[in-house]
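> One structure, pasted below without further comment.
Residue numbers (my numbering): 16 to 101.
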């Protein structure tokens with residue numbers, strides 16, 4: 016199981032989304048991440064200086080960064096599809 020950490024702005028965005036999506040993100044685990052990568056719900060973002068990932072969750076997108084040595088996911092951005100990549 017990963018530990019979730021949020022930036023100040025992403026915590027505010029997280030509180031605005033529906034409760035079922037919040038519960039899904041909070042229950043995120045390393046085993047579940049691998050299965051989601053396999054079906055295309057999680058992809059590594061191209062053209063970034065950092066290693067960032069995108070999780071498709073209904074009409075929301077979660078942009079996050081992993082720290083393997085601490086098993087932490089730093090949630091950078093939680094928004095609708097239209098504003099996710101700006």
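All C-beta atoms in this analysis are idealised placements derived from N, C-alpha and C, irrespective of residue type, glycine included.
These figures come from a predicted structure and were not determined experimentally.
For the region 58-87, which segments carrying the beta strand (DSSP E) assignment without a break, of at least 3 residues, lie completely within its bounds, in sequence order?
67-72 and 75-82
> How far does the alpha helix (DSSP H) with residue 29 in it reach, from first residue to last?
23-31
> Taking the alpha-carbon of residue 70 as reference, which of 26, 21, 92 and 17 has the nearest alpha-carbon?
92
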